[in-house]
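Visitor: Dumping the structure here so I can ask a few things about it.
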Amino acid sequence: MLKNYFKIAWRNLFRNKGFATTNLLGLAIGMTCSILIFLWVHDELSFDKFHQNYNSIYQVVANRDFKNQVFTDWNMTFPLGPALEKGYPQIKTAVATTHQQERVLEYGNTRLKKKGYTVSGHFFDLFTWKFIKGNPATAIADPSSIVLSASAAKTYFGNEEAVNKIMKIDNNQSVKVSAVVADAPGNSSLSFDFIQPFNYSDTLVKAQMNEWYNSSWDVYVQTAPGASKASVEKIINDLKTEHASKDKISTYFLFPMSKWRLYSDFKDGKNIGGMIENVRLFTAIAIIILLIACINFMNLSTARSEKRAKEVGIRKTLGSDKRQLRWQFLFESIILTLISFVIALAAVYLLLPSFNLLVGKHLVLRLSDPVFWTGLLIIILFTGIVAGSYPAFYLSSFNPVKVLKGTFIAGKKAILPRRVLVVSQFVISILLISATIIVYRQLDFIKHRDMGYNPDNLISLPATDDLNKNFPAFKNDLLATGLVEATTRTMSPITEIWWRSPSPDWEGKPAGVNIIFSGQTADVDYVRTMGVRMLEGHSFTGTPADSGNMLLNKAAVDAMHLTHPVGALLRYGSNKYTVIGVTDNVVMETPYKPVDPQMIYYQPGNLNVISVRLKKGIPPQDGIAAMGTLVKKYDPAAFFDYHFVNQEFEKKFLTEKLISRITNIFAGLAIFICCLGLAGLASFTMERRVREFGIRKVLGASVGQLLGLISQEFLRLVTIAFVIAVPLTWWAMSSWLDKYTFRVPISPWTFVAVGLMLLALTLLVVGLNTIRSAMRNPVKSLRSE
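In the numbering used here, the protein residues as written are 343 to 1127.
Below, the structure written as structure tokens:
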């Protein structure tokens, strides 16, 4: 029986090459898109699962309640990690690490900046990394050791043995390579070129061991088998109460590894999602594109029912029942799907390198992975069954007596369902196109938000110890080149916030009110170099009095309800400050949220970042060359590393740009599939009405009249789809925009433009097919009558 099904299906496909080609192309494009999205989604869902302790690893996080808002903080105190390892049966191990840091690693003539972590002793017990050389148990036992990734070891030592080689870090510390581990997979939350242990004999580290208030570290724990999450959280909160009794605003909790990648966004202390929203979005797009391809198949199958009616009638007369006929038509659908799948798999193989560049990943076709084949099997069965189910039930229901008598009008019963399917396609197309436009407008709106400073011609570079020591001379020499307008130093780059704390006290501050402030320390010429606007007062002048002065931003003034901020006296800790100026709000972190209230101190000593503003019209390479020469002059061991601030700012939009690009591409492909099906449907409509066209032409109808006659039905369907799609899209995109504090309004003109574009596409596709049929000689179409 299966052999016969296969033979008949194969013959029908070759007999109807136009139908088969149209469906193959539509299904192949739909499946290609779905497989690519499936690979991306699978990679996102598999983050960190390679760790053996995946289900018992947590990061310690704090909700800090500042009354007006709850701030979720990933920064922990250093001694918390070691303290959690002592005498708690609920905790198997705990680890404290720095945030990812850049260090200059040197061996021989190779001197490069690499990224890594400084970690406490049980790092390789907690996390699972594949060791190529060395022993995990002893790899970081020696404080002067370093573990390299395979790619870093290759960079420095080529094919030589890396273990036991001596390297230099930042030109002031010698370390011995103790092990080499495989590069962190692309689906890892932690990635590194090196790992080095804390040196507990170091003066700074010793000082941090008793610092229970300064939070600048990451802390991870592995719970013991059977231990409840709540019991470990109680231990952590009790420890903090014991050692930091003045910290009344913090509540600590465990954030599981399973949520690090997909659920990393918090608002007012509550988890509100994260990357999972994009996973859901792209999964929905994949399903939508497949549905559009399936709808094409259904429409074209029912549209050509006249060609299959006699076949069904004869087979029923010869004894075939509905079940056999349904299996026959489903078998044809699945065969077509399988052929499309082979084409799609080849297309994915060819397109994967370009797709990887688009999404910034290293996705591969894992042909030996059962999960991969399970996903593909689901796609094949979903496509084959959904595409073939309705045609199978419809075609198998033909009355053989009416068919063979010639009184059966094929396709009549399918007109309403077919119209519903076409309207569904148009609704989906309008939704996708409108969503694409709104996402683009929102991204453009945020990108052009007033940032409060001028990022153009602004360059930042790290302030090393020697550069800090020689900064006045370095600054004078820079200005003497005539290429630089101004330069200053700050604690953090203008694009990042490294410090948050409770607000200072002020006269008239309500009791119990505590506002979260971001902090910045700066040198002279901060305002001038950054291009920050002063709203009141003035900036730092470099006089000794500046040590007791402070700048506030507009958000801070508003939050504190200061009527006359300049001259206001503030107390922060044991120090008193005078407000000498108010700056405009500067967007330092996310451009999607309001600016934090900010206080800016004067600090001319050791700072972390040097910012340099080049003069307008100066070729950037000239300014960079001058900076490089002077950095080498004042710190010969320094690694000259610089960043354009506007490029750093652009990195804040990487996720949104990815969403926009992928949505644009797949929305375009969905519309192409839709037009493909529309062309096929119009072609079959023309074929069914060829005699009617002949008669109308003989009676004097023009090509324009015939075009209007056929187009009006399709235009009616577009209009119905438009009426359904607009409120649906409005609701969906309003819900999506609600997560943004700064959002673009949804313009009715967006839908007008989409509607006109879809009408034009429909007229073009239907019109070309109609004109081709209308130009035929009516004598040929009426000869058999």
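We put the CB at the ideal spot given by N, CA and C, even for glycine. Here the structure is a predicted model, which means the values were calculated and not measured.
Where does valine 621 land, buried or exposed, given buried means 16+ other C-beta within 10 angstroms?
Guide: For the purposes of this step, residue 621 is taken as the residue at position 279 of the sequence shown. Buried is the call here.
Visitor: In chain order, which continuous runs of the beta strand (DSSP E) of length 3 or greater are located wholly inside the segment 495-544?
Guide: The segment 495-544 contains these whole beta strand (DSSP E) runs: 508-511, 515-523 and 536-539.
Visitor: Could you check which residue in Met833, Val855, Leu894 and Met640 has the C-alpha nearest to that of alanine 864?
Guide: Within the sequence shown, the letter at position 522 stands for residue 864. Selected option, being the one with the closest Cα: Met833.
Visitor: On the DSSP bridge assignment, give the partners of glutamate 878 in chain order.
Guide: Counting from one through the sequence shown, the residue named residue 878 turns up at place 536. Glutamate 878 is bridged to Val924.
Visitor: If the criterion is Cβ atoms closer than 8 Å, does the pair serine 675 and glycine 615 meet it?
Guide: Position 333 of the sequence shown, counted from the start, is the residue given in the question as residue 675. Position 273 of the sequence shown, counted from the start, is the residue given in the question as residue 615. In this structure, glycine 615 does not lie closer than 8 Å to serine 675 by Cβ.
Visitor: Take every Cβ of the segment 547-556, pair it with every Cβ of the segment 510-521, and state whether three or more of those distances are shorter than 8 Å.
Guide: Not touching, per the Cβ criterion.
Visitor: Exposed or buried, tryptophan 1073, counting other C-beta atoms within 10 Å across all chains shown (16 or more means buried)?
Guide: For the purposes of this step, residue 1073 is taken as the residue at position 731 of the sequence shown. Exposed, because fewer than 16 other Cβ atoms sit within 10 Å of the Cβ of tryptophan 1073.
Visitor: Assuming contact is defined by CB atoms lying nearer than 8 Å, are aspartate 525 and serine 557 in contact in what I supplied?
Guide: As a first step, residue 525 is located in the sequence shown; it is residue number 183 there, counting from the start. As a first step, residue 557 is located in the sequence shown; it is residue number 215 there, counting from the start. Contact: no.
Visitor: Which of the three DSSP states is assigned to glutamine 940 in this structure?
Guide: What you label residue 940 is simply residue 598 of the sequence shown in a count that begins at 1. The answer is strand: DSSP assigns glutamine 940 an E or B state.
Visitor: Among Lys918, Pro936, Ile942 and Pro1069, which one has its Cα closest to the Cα of aspartate 867?
Guide: Along the sequence shown, read from residue 1 onward, the residue named residue 867 stands at position 525. For the residues Lys918, Pro936, Ile942 and Pro1069, the minimum Cα distance to aspartate 867 belongs to Ile942.
Visitor: Measuring straight from C-alpha to C-alpha, what distance separates asparagine 451 and phenylalanine 413?
Guide: In the sequence shown, residue 451 corresponds to position 109, counting from 1. In the sequence shown, residue 413 corresponds to position 71, counting from 1. Between asparagine 451 and phenylalanine 413, the C-alpha separation is close to 46 Å.
Visitor: Could you have a look at phenylalanine 469 and say whether DSSP puts it in helix, strand or coil?
Guide: On the sequence shown, residue 469 is found 127 positions in, with the first residue counted as 1. Coil at phenylalanine 469, not helix or strand.
Visitor: Look at the Cβ atom of phenylalanine 981, then the Cβ atom of lysine 507, and state whether they are nearer than 8 Å.
Guide: Position 639 of the sequence shown, counted from the first residue, corresponds to residue 981. Position 165 of the sequence shown, counted from the first residue, corresponds to residue 507. Against a cut-off of 8 Å, the Cβ pair of lysine 507 and phenylalanine 981 comes out as no contact.
Visitor: Give me the Cα-Cα distance between arginine 1085 and lysine 935, rounded to the nearest whole angstrom.
Guide: Locating residue 1085 in the sequence shown gives position 743, counting from the first residue. Locating residue 935 in the sequence shown gives position 593, counting from the first residue. Rounded to whole angstroms, arginine 1085 to lysine 935 spans 10 Å at the Cα level.
Visitor: Within the continuous beta strand (DSSP E) that includes glutamine 564, where are the two ends?
Guide: Taking the sequence shown and counting its residues from 1, the one referred to as residue 564 is at position 222. That run of the beta strand (DSSP E) goes 557-565.
Visitor: Compute the Euclidean distance between the alpha carbons of isoleucine 772 and glycine 1109, then round it to the nearest angstrom.
Guide: By one-based count along the sequence shown, residue 772 stands at place 430. By one-based count along the sequence shown, residue 1109 stands at place 767. The alpha-carbon atoms of isoleucine 772 and glycine 1109 are separated by roughly 20 Å.
Visitor: Using the C-alpha atoms, what's the distance from valine 937 back to alanine 628?
Guide: The residue labelled residue 628 in the question sits at position 286 within the sequence shown. The residue labelled residue 937 in the question sits at position 595 within the sequence shown. Cα to Cα, alanine 628 sits roughly 36 Å from valine 937.
Visitor: Output yes or no for whether 8 Å exceeds the beta carbon distance between valine 951 and valine 924.
Guide: Along the sequence shown, read from residue 1 onward, the residue named residue 951 stands at position 609. Along the sequence shown, read from residue 1 onward, the residue named residue 924 stands at position 582. In this structure, valine 924 does not lie closer than 8 Å to valine 951 by Cβ.
Visitor: Run through DSSP, which three-state label would phenylalanine 750 get?
Guide: What you label residue 750 is simply residue 408 of the sequence shown in a count that begins at 1. Since pLDDT at phenylalanine 750 reaches only 47, below the 50 mark, its modelled position is unreliable, and the value read off the structure follows with that caveat. Here phenylalanine 750 sits in coil by DSSP.
Visitor: With DSSP collapsed to three states, give me the class of glutamate 849.
Guide: On the sequence shown, position 507 is the one that residue 849 refers to. Three-state DSSP puts glutamate 849 in coil, outside helix and strand.
Visitor: Considering only their Cβ atoms, is the gap separating tyrosine 944 from serine 889 smaller than 8 Å?
Guide: Indexing the sequence shown from 1 puts residue 889 at position 547. Indexing the sequence shown from 1 puts residue 944 at position 602. Taking 8 Å as the Cβ cut-off, serine 889 and tyrosine 944 qualify as a contacting pair.
Visitor: By the three-class DSSP mapping on this structure, what secondary structure does proline 1130 have?
Guide: Here the chain covers residues 343 to 1127 and nothing more, so residue 1130 does not appear.
Visitor: Could you tell me which residues DSSP pairs with histidine 985 in its beta bridges?
Guide: Here the question's residue 985 lines up with position 643 in the sequence shown. Answer is Ser802.
Visitor: Using 8 Å for Cβ pairs, my map puts phenylalanine 420 next to tryptophan 559. What's the rounded Cβ distance?
Guide: In the sequence shown, counting from the first residue as 1, residue 420 sits at position 78. In the sequence shown, counting from the first residue as 1, residue 559 sits at position 217. Their Cβ separation, rounded to whole angstroms, is 5 Å, which keeps phenylalanine 420 and tryptophan 559 in contact under 8 Å.
Visitor: Going by Cα to Cα distance, which pick from Arg1058, Thr1083 and Val1094 is closest to threonine 1071?
Guide: The sequence position of residue 1071 within the sequence shown is 729, counting from 1. The option with the nearest alpha carbon to threonine 1071 is Val1094.
Visitor: Taking the CB atoms as reference points, tell me whether valine 446 and valine 461 lie closer together than 8 Å.
Guide: In the sequence shown, counting from the first residue as 1, residue 446 sits at position 104. In the sequence shown, counting from the first residue as 1, residue 461 sits at position 119. Going by C-beta atoms, valine 446 is not nearer than 8 Å to valine 461.
Visitor: Do you know offhand how far aspartate 786's Cα is from glycine 1097's?
Guide: Looking up residue 786 in the sequence shown gives position 444. Looking up residue 1097 in the sequence shown gives position 755. Spanning the two alpha carbons is a distance of roughly 22 Å.
Visitor: Would DSSP call alanine 425 helix, strand or coil?
Guide: Against the sequence shown, residue 425 aligns to sequence position 83. Correct three-state label for alanine 425: helix.
Visitor: For phenylalanine 1084, does the three-state DSSP call read helix, strand or coil?
Guide: The count along the sequence shown starts at 1 and reaches residue 1084 at position 742. The answer is coil: DSSP assigns phenylalanine 1084 none of H, G, I, E or B.
Visitor: Does the beta-carbon of glutamine 411 have 16 or more other beta-carbons within 10 angstroms, so that it is buried, or is it exposed?
Guide: Position 69 of the sequence shown, counting from 1, holds the residue named residue 411. It counts as exposed.
Visitor: With distances taken from CA atoms, which of Asn917, Gly794 and Val1060 is nearest serine 766?
Guide: Here the question's residue 766 lines up with position 424 in the sequence shown. Cα-wise, what sits closest to serine 766 is Val1060.
Visitor: Please confirm whether alanine 910 and proline 939 have their CB atoms less than 8 Å apart.
Guide: As a working note, residue 910 is residue 568 in the sequence shown. As a working note, residue 939 is residue 597 in the sequence shown. Not closer than 8 Å, so no.
Visitor: Excluding the 5 residues flanking asparagine 917 on each side, which residues of the same chain have their C-beta closer than 8 Å to its C-beta?
Guide: Within the sequence shown, residue 917 is the residue found at index 575, counting from 1. Excluding positions up to five away in sequence, the list reads Gly890.
Visitor: Just tell me which of Pro846, Trp841, Leu800 and Glu838 has its CA closest to the CA of glutamate 827.
Guide: Position 485 of the sequence shown, counted from the start, is the residue given in the question as residue 827. Glutamate 827 has its Cα closest to that of Leu800, out of Pro846, Trp841, Leu800 and Glu838.
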